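*Asks:* Chains as they are written, first to last, in my numbering: chain B, 167 to 328; chain A, 5 to 764; chain Y, 31 to 324. Think of the CB as a built atom: it goes at the ideal place given N, C-alpha and C, for glycine as much as any other residue. Here the structure is a predicted model, which means the values were calculated and not measured. This is the structure, below, for whatever I ask next.
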Amino acid sequence: MAKKTVVETTINGETVEFLCEPRESLLEVLRDELELTGSKEGCLTGDCGACTVVVDGRPTCSCLVLAVEANGKKIDTIEGLARPEGLHVLQQKFLEHAALQCGICTPGVLMSAKALLDRTPNPTEAEIRYALAGNLCRCTGYDKIVRAVVDAAKTLSSARAA
Amino acid sequence: MAAKPFKVIGTRPIRHDGVDKVTGRAKYGADYSLPDMLHGKMLRSPHAHARIKSIKCDKALALPGVKAVITSADLPDLPDKMEMAGEAPVNLAHLSQNLLARNKVLYDGHAIAAVAATSAHIAEEAVRLIEVEYEVLPPVMTVEDAMKTGATILNPKLRNKEEGDKETNVASHIQFKRGEVEDGFKAADYVVEREFKTAMVHQGYLEPHNALAVYNADGKSTIWTSTQGSFAVRALAAAVCGIPETTLKVVPAEIGGGFGGKLTVYLDPIALALSKKTGKPVKMIMSRADVLKATGPTSGSTIRCKMGCTKDGKITAAQVWMAYEAGAYPGSPVGAGAMVIIAPYDIPHMIIDAYDVLVNRPKTAAYRAPGATNAAMASETVINELAEKCGIDQIEFRLLNAAKEGTAQTAGPPFKKIGYVECLEALKNSPHYKSKLEGPNRGRGVAGGFWFNVGMNSSAVVNVNGDGTASLVIGSVDVGGTRAAQAMVAAEVLGIKAEDVRPSVGDTESIGYTDMTGGSRTAVTTGAAVFAAAEDAVKQLKERAAKLLEKKPEEIAYEDGSFYAASDPSKKLTFKEVVAKFARTGGPVSGQASVNLRAVGPSFAATLIDVEVDPDTGKVKVLRATCAQDVGKALHPSYVEGQMQGGTAQGIGWALNEEYVYDDRGNLRNFGLLDYRMPTCLDLPEIETILVEVPAPGHPIGSRGVGEVNIVPPPAAVANAIANAVGVRMNVLPMSPPRLLKAIINKRSGSDTQIAAAGR
Amino acid sequence: MHAINYESPSTLDQAVKFMAAHGEKARAMSGGSDLIIQMRAAVRRPEYVVDLKKIPELRQISFSVQHGLKLGAAVPAIEIHENADMRKYYPGLTEAAHLIGSLQIQSRASVGGNLCNGSPAADTIPALIAVGAKCRVLGSKGERIVAAEDFCTGPGRTVLAPDEILVEFQIPGPAPHSSDAYQRFIPRNEMDIAVVGVGASITLDLGEDRCTAARIGLGAVGPTPIFAKEASAALVGKKLDAGTIEKAAQAAIAASSPIDDMRGTAEFRRHLVGVLTRRVVTLAAERARMATSR
């Protein structure tokens, strides 16, 4: 069996080093090794998006990334979305719009939504729905999620304009 | 309840657990870990029906890192009869054998053994090393195959009342009757009779089952788990493991969806048994494939529905034959389906025959209004056909026949005050209904639905803090915002702000007995418990105020945040002022209540759906959806809307794409979320909601349960919309593109459009 | 999952050496969105996983109108979608890459991986066939070129020898008034494997108002993706009116041999081949008409 490898990566802006077996996924390492349990396991086949993190700016299912591949990459997880000063606008809007019920899909949805707004600051509803198509939610029917993202985009735009 | 308006109930505060959930801090079952923890994985049968001849675990045990392997031999042999486990009757032999098969496997994925090892990867590899010898038997996959003469028998010990000592796959036959159905049909001008087949579907919660169990050397154990009912887990896990119930503490983690599928146990007793054997904590997480194969989907069914009406649109008779798949062990929701199928209507003559049938599929569990959605697909589409024959609008037809206060229920006393008519009127007056639907291949469909609210038991504790805030402990697991809604109830009664109540969900040792979150009972029954606990606290505070005001407790009133004596209203004390003086007036104030509600107001809903059909491919696009539901009194409107939207979305998935596909050897083909297709964000439109509030009589707030009934109408509403769009009446669920396309092509060529659901 | 060893070569040479050294025990990986799932399900159990993403030739998109396109095998689908030249000159292939899965999957999944996985339902393969893509394969014995339509030999199987890797796709430069399109049928709006996929590339002579070249690729309707030769030939030299397109659609149906499986019946698939061929040929022709001289 292969020995464990040392992996050096950046997670939520901090340099992080960890040991892992090659067969471990990034999701496993985040959750079990680094205790960042915000990213969730829903299917392990890339069909639900509950494990979505952002790798080098791109939303990615962490269950389909081998942890060893994270070497030298920049990873953002839900734990890094809020700042010490407070919640990200997206998180705030999700709370105001009641865009979560059980909350298990919420971290993944927020990461996908953030990745979207970082690239497309004023998305149409269709663009939002497409960007979130890889994040299943079984509780909400997506209605309030979409409204929250629309509202967050508006708020972020006016903040930028101001 | 007093006529004065609510101050907190009906508003939309930010939910108390919200920040934890949007930051990823909230701890779900799989987020828990303990030092020195082992990981457990299950071995499951690859055969739908087989006898187990031998199980060899030595290779698995020899793999480095493996600490234990268990089979049903490690669990007590429990009695094959209905017994109370906690508050509900359960056949413990069936439960235990479902978790670890004894002698026979009855479905693809039926668990046979469990391994505990130092890593999940090692446990998985060890599972592959367990050797099982099977004698494969023919699988029985549909109710038709199970009920026919000479069918292969799943359980040779099963008997039902009607067939005496004959071996059978029919676990029970229930019948409801009213009047004389032949007379009813004689009085009808139009009669429609259809047969429906609906596929087995899964609740589809995003979070797989999990359990972390510790069995301590002193015989006390703890389980952290994803569950809708911690007290149920305590009762069932203890029974399966053969330990005294209250030596087990169950801590409900945050739950990532349940919808009825997490009311029973799968992993908890296994993890506990492995912990007992190894002396270490054991954590188990179910794979998605195992969730689909081996937890509790809801029944597929065959339903024959015949209804008759006069040309003026009055329904005169209804006759229903319904057979539901129970799965490997008895217990489908066919009884509930039978009780709800025609419940929304005032029908003088009816007969309903309902059959609970064993098949080689996983043991079914509850799924949001269990049994009702299958039933409504049949009744609500037949009703539309009758409406069409009479030339009456689909909403008007339902209004003509709607159940009202005093209408007979299928089983039980007549309805008290209910809101079906109000739901239909709300839809009729909705912007959606008033809007024109134009364009080819587009259609609009309506359907109604009914579901019970159960009462059962709930407990609550309200601890008032010296700074004027209060903590609230309830036993109801929070699946979608109930903790916030209950905090609002406490705040309303205490006369403080919702933000000043700190709600938490207790475990089985820290809160009084509370039944599961399900059955549309939390707002109602836990709400009643919280209400009573808060009133208890207020009563004690009145006594404290009396001491401070030097009056008798009976003289003290509490209104608009102030305590005062009726005889001397100028001297007021605020809530904060009274609580600040705890120590002087007798110590801490804590209110408590445990309630058991019986007759609770049921729920009605009506849903309107517009669709567009692609006649070349059979694909359906849902253009618009509106759900009107009688919610009694919405505690937190945002989360009530959320329940309605969620149920509507699940109903649409059920209508269009979700189904279990088994091959002819009884193996599940679509055991992943790629091919078990739930709606994505891109598959649904905005879902409009209309909260109709007809307060439930006899309840302090007037709340009705809101979680379930909204899933009942959508498949029928979609079917009715498709009929209006392309003139094709679908009689199968799901109405997937290949089936709809075939029906469209058949219609064009003039042949029968009723499809047999091949390969269900 | 079984225990694996992970290698990540940074040159073509290193990669080929690894593959040659370990043979059947090694499996190349680019995005991992097929391989990781297969390893978890124990469908594939390689001892060595050889990650090709560090090799520059596999990550490049290099295009010129004269020389055409060199598309590295491990370029993630999302980068294809973001590339302006890809969208302009090969909209069908770009669409196919964009349909490979959710955005999360597109961040990882590559066209090369899609082809090497050998699924008859792969979205990009009909589009690759349509644009006449050639696959540059490198092994310890040297290099060879394989046409996209010849790459897959059966479900999950390709022409790659154990020591070979797919380096890049070589796609001819766009002729004036040519374009491509890809459409598939899925029951939902995203996230599904294609029930049927059809890709078409059309070149028009605007003066004569005739089609001068056409290639039609079919996916999910046979044990491998199919180059529908007769259907393509039915369009060449003709005016693309409804009658001609219908002939091509019927020929495409005849070229397909779909099975019944849980995603669709053979009957349904044959019907869809007709529907999608009509739609895709029409769309590719429209695009070809609008493609200005380059």
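From LEU103/A to GLY283/A, what distance separates their C-alpha atoms?
*Replies:* Residue numbering aside, residue 103/A sits at position 99 when the second sequence is read from its first letter. Residue numbering aside, residue 283/A sits at position 279 when the second sequence is read from its first letter. For the pair LEU103/A and GLY283/A, the Cα-to-Cα distance works out to about 21 Å.
*Asks:* Indicate whether at least one CB of chain B lies closer than 8 Å to the CB of GLU316/Y.
*Replies:* As a position in the third sequence, residue 316/Y is number 286, starting the count at 1. GLU316/Y does not count as touching chain B.
*Asks:* Since ARG295/B meets chain A, which of its residues come closer than 7 Å, beta carbon to beta carbon?
*Replies:* Against the first sequence, residue 295/B aligns to sequence position 129. Correct list: CYS685 and LEU686.
*Asks:* Going along chain Y, which residues have a C-beta under 7 Å from ASP620/A?
*Replies:* Position 616 of the second sequence, counted from the first residue, corresponds to residue 620/A. Result: VAL305.
*Asks:* Could you please give the first and the last residue of the uninterrupted alpha helix (DSSP H) stretch that includes MET46/A?
*Replies:* Within the second sequence, numbered from 1, the residue matching residue 46/A stands at position 42. Where MET46/A is concerned, there is no enclosing alpha helix (DSSP H), although the beta strand (DSSP E) it sits in stretches over 42–48.
*Asks:* Give the residues from the stretch 645–666 of chain A that approach chain Y closer than 8 Å (Cβ to any Cβ), ordered along the chain.
*Replies:* LEU660, ASN661 and VAL665
*Asks:* What does LYS25/A reach in chain B if we use C-beta pairs closer than 8 Å?
*Replies:* For the purposes of this step, residue 25/A is taken as residue 21 along the second sequence, with counting starting at 1. Residues of chain B passing the Cβ test: LEU266, GLY269 and THR272.
*Asks:* Using a Cβ-Cβ cut-off of 8 Å, state whether LYS751/A counts as contacting chain Y.
*Replies:* Your numbering for residue 751/A matches position 747 in the second sequence. Cβ-Cβ to chain Y under 8 Å: no for LYS751/A.
*Asks:* Under DSSP, the alpha helix (DSSP H) around GLN377/A begins and ends at which residues?
*Replies:* What you label residue 377/A is simply residue 373 of the second sequence in a count that begins at 1. In the sequence under discussion, the amino acid at residue 377/A is Thr, which differs from the Gln named in the question. THR377/A -> alpha helix (DSSP H) spans 376–394.
*Asks:* Going by DSSP, which residues form a beta bridge with GLN179/A?
*Replies:* The residue given as residue 179/A occupies position 175 in the second sequence. Paired residues: ASP357/A.
*Asks:* Tell me the DSSP bridge mates of LYS623/A?
*Replies:* Sequence index remark: in the second sequence, residue 623/A carries index 619 (1-based). For LYS623/A, which the question treats as bridged, DSSP gives the partners ASP618/A.
*Asks:* Quick one: measure Cβ to Cβ for ILE275/Y and GLY229/Y, integer angstroms, because I've assumed they're closer than 8 Å.
*Replies:* Working through the third sequence from its first residue, we reach residue 275/Y at position 245. Working through the third sequence from its first residue, we reach residue 229/Y at position 199. Wrong, their Cβ atoms sit about 15 Å apart, outside the cutoff.
*Asks:* Work out the CA separation of ARG197/B and ALA58/Y for me, nearest whole Å.
*Replies:* Looking up residue 58/Y in the third sequence gives position 28. Looking up residue 197/B in the first sequence gives position 31. Rounded to the nearest angstrom, the two C-alpha atoms are 27 Å apart.
*Asks:* Going by alpha carbons, who is nearest to LYS625/A out of GLU249/A, ARG182/A, PRO507/A and SER740/A?
*Replies:* For the purposes of this step, residue 625/A is taken as residue 621 along the second sequence, with counting starting at 1. LYS625/A has its Cα closest to that of SER740/A, out of GLU249/A, ARG182/A, PRO507/A and SER740/A.
*Asks:* Could you check whether the Cβ of LEU210/B sits closer than 8 Å to any Cβ belonging to chain A?
*Replies:* In the first sequence, the residue the question calls residue 210/B occupies position 44. It does; some Cβ of chain A falls within 8 Å.
*Asks:* Mind checking the stretch 210–227 of chain Y against chain B and listing, in chain order, the residues whose C-beta falls within less than 8 Å of any C-beta there?
*Replies:* ASN219, GLU220 and MET221
*Asks:* Measuring straight from C-alpha to C-alpha, what distance separates ALA721/A and ALA609/A?
*Replies:* The count along the second sequence starts at 1 and reaches residue 721/A at position 717. The count along the second sequence starts at 1 and reaches residue 609/A at position 605. Roughly 12 Å between the two C-alpha positions.
*Asks:* Assess contact between the stretch 180–195 of chain Y and the stretch 232–247 of chain Y, defined as three or more Cβ pairs (one per stretch) separated by less than 8 Å. Is contact present?
*Replies:* The answer is no - the stretch 232–247 of chain Y does not touch the stretch 180–195 of chain Y, with fewer than three Cβ pairs under 8 Å.
*Asks:* Under 8 Å Cβ to Cβ from LYS751/A, same chain only, skipping five residues before and after it: list those, please.
*Replies:* In the second sequence, the residue the question calls residue 751/A occupies position 747. If you ignore the 5 residues before and after LYS751/A, its C-beta comes within less than 8 Å of the C-beta of VAL730, GLY731, VAL732 and THR757, all in its own chain and listed in chain order.
*Asks:* If we count the other Cβ atoms within 10 Å of its Cβ and call it buried at 16 or more, is LEU158/A buried or exposed?
*Replies:* Sequence index remark: in the second sequence, residue 158/A carries index 154 (1-based). Its Cβ being crowded by 16 or more others within 10 Å, LEU158/A is buried.
*Asks:* In whole angstroms, what is the alpha-carbon distance linking ASN219/Y and CYS303/B?
*Replies:* Residue numbering aside, residue 219/Y sits at position 189 when the third sequence is read from its first letter. Residue numbering aside, residue 303/B sits at position 137 when the first sequence is read from its first letter. Between ASN219/Y and CYS303/B, the C-alpha separation is close to 15 Å.
*Asks:* Hey, does PRO9/A have any beta-carbon neighbour from chain B nearer than 8 Å?
*Replies:* Here residue 9/A refers to the residue found at position 5 when the second sequence is read from its first residue. By this cut-off, PRO9/A is not an interface position.
*Asks:* Candidates ARG163/A, GLY565/A, PRO212/A and LYS57/A: which alpha carbon is nearest VAL140/A's?
*Replies:* Position 136 of the second sequence holds residue 140/A. Selected option, being the one with the closest Cα: LYS57/A.
*Asks:* Can you find the residues in the same chain that come closer than 7 Å, C-beta to C-beta, to ALA277/A, ignoring five residues on each side of it along the sequence?
*Replies:* Taking the second sequence and counting its residues from 1, the one referred to as residue 277/A is at position 273. Closer than 7 Å at Cβ, skipping near neighbours: ILE74, ASP78, LEU79 and CYS245.
*Asks:* For ASP360/A, which residues in the same chain have their Cβ closer than 6 Å to its Cβ, ignoring the five residues on either side in sequence?
*Replies:* For this step, residue 360/A is matched to residue 356 along the second sequence. Excluding sequence neighbours, ASP360/A sits near ALA175, SER176, ALA330, PRO334, SER336 and VAL338.
*Asks:* Where THR254/Y and SER209/Y are concerned, what is the direct C-alpha to C-alpha distance, given to the nearest angstrom?
*Replies:* Reading the third sequence from its first residue, position 224 is the one you call residue 254/Y. Reading the third sequence from its first residue, position 179 is the one you call residue 209/Y. Their Cα atoms are separated by approximately 24 Å.
*Asks:* Can you tell me whether ARG19/A is buried or exposed? The criterion is at least 16 other CB atoms within 10 Å of its CB, across all chains shown.
*Replies:* Residue numbering aside, residue 19/A sits at position 15 when the second sequence is read from its first letter. Result: buried.
*Asks:* Starting from TYR194/A, follow the beta strand (DSSP E) in both directions and report where the run begins and ends.
*Replies:* As a first step, residue 194/A must be located in the second sequence, where it is residue number 190. TYR194/A -> beta strand (DSSP E) spans 194–202.
*Asks:* So, with DSSP's three-state summary, where would you put ALA762/A?
*Replies:* Taking the first residue of the second sequence as 1, we reach residue 762/A at position 758. With a pLDDT of only 37 at ALA762/A, under the threshold of 50, the placement of this residue in the model should not be trusted; the figure read from the coordinates follows. Residue state, collapsed to three classes: coil.
*Asks:* Counting along the chain, where does the beta strand (DSSP E) carrying ALA322/A start and finish?
*Replies:* The count along the second sequence starts at 1 and reaches residue 322/A at position 318. 319–331 is the span of the beta strand (DSSP E), which, as asked, contains ALA322/A.
*Asks:* Roughly how far, in whole angstroms, is the beta-carbon of ALA298/A from the beta-carbon of PRO366/A, given that I think they are within contact range, below 8 Å?
*Replies:* Sequence index remark: in the second sequence, residue 298/A carries index 294 (1-based). Sequence index remark: in the second sequence, residue 366/A carries index 362 (1-based). Indeed they touch by this definition, with Cβ atoms about 5 Å apart.
*Asks:* Cβ of ALA380/A within 8 Å of Cβ of GLY453/A?
*Replies:* Numbered from 1 along the second sequence, position 376 holds the residue referred to as residue 380/A. Numbered from 1 along the second sequence, position 449 holds the residue referred to as residue 453/A. The answer is yes: Cβ separation under 8 Å.
*Asks:* Per the contact definition of three or more C-beta pairs closer than 8 Å, is the stretch 186–196 of chain A in contact with the stretch 246–255 of chain A?
*Replies:* no
*Asks:* Suppose you measure from the CA of GLY294/Y to the CA of PRO683/A; what does that come to, to the nearest Å?
*Replies:* Along the third sequence, one-based indexing puts residue 294/Y at 264. Along the second sequence, one-based indexing puts residue 683/A at 679. Using only the alpha carbons, I get a separation of about 18 Å.
*Asks:* So with Cβ pairs under 8 Å, would you call ARG764/A a contact of chain Y?
*Replies:* Here residue 764/A corresponds to residue number 760 of the second sequence, with the count starting at 1. Its pLDDT being 33, under 50, ARG764/A is placed unreliably by the model, and the measurement read from it follows with that caveat. Not an interface residue.
*Asks:* When you compare the CB positions of LEU240/A and VAL12/A, do they come within less than 8 Å of one another, or not?
*Replies:* Residue 240/A sits at position 236 when you count from the first residue of the second sequence. Residue 12/A sits at position 8 when you count from the first residue of the second sequence. Not a contact, by the Cβ cut-off of 8 Å.
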